[in-house]
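Novice: Here numbering that gives the first Met the number 0 is used: the first residue of the sequence shown is 0, the next is one more, and so on.
Structure in structure tokens, see below.
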Amino acid sequence: MEGMEQISFQMIAAIGEGRSKIMLAMNEAAEGHFEEANKLLQESNQSLVKAHESHFGLIQKEANGEKVELGLLFMHAEDQLMTTSLLKDMAEQMVKMYEKLHKISEG
């Protein structure tokens with residue numbers, strides 16, 4: 000099994016990449032660039048899937064009876080994963096909201 004530190008750092012890197020794309024997506028939507036915003040959200044999802052896969056792999060190991068040592072670094076990675084997942088859900092709604100506002104202001 001990969002070391003927990005390595006798994007944690009891989010998760011944190013993927014999550015950071017995803018979070019950056021989410022923030023860029025919200026900025027693009029605020030500027031009226033909805034196609035680019037949605038593209039960035041899709042790209043962020045790819046990064047978050049990598050992190051979720053690592054996380055789920057650990058859950059499977061523990062479910063199969065393997066002892067999984069959890070440290071502070073992993074707890075940080077898990078916290079980042081959960082908050083970034085929530086941020087993505089909110090960003091998707093914000094992009095839709097910006098798009099509706101844009102249509103109303105043009106209408």
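Idealized CB from N, CA, C, for every residue including glycine.
1) Using only CA atoms, which one of Leu-23, Ile-6, Arg-18, Lys-95 lies nearest to Ser-83?
2) Exposed or buried, which one is Lys-87 when buried takes at least 16 other CB atoms within 10 Å?
3) Could you tell me the alpha carbon to alpha carbon distance between Phe-8 and Leu-71, rounded to whole angstroms?
4) In whole angstroms, what is the alpha-carbon distance linking Met-0 and Val-48?
5) What would DSSP say about Leu-23, mapped onto helix, strand or coil?
Specialist: With the structure as the only source:
1) The sequence as given places Thr at residue 83; Ser does not occur at that position. Residue Arg-18 is the option with its Cα nearest to Thr-83.
2) buried
3) 12 Å
4) Its pLDDT being 47, under 50, Met-0 is placed unreliably by the model, and the measurement read from it follows with that caveat. When rounded, the distance between both Cα atoms is 20 Å.
5) helix
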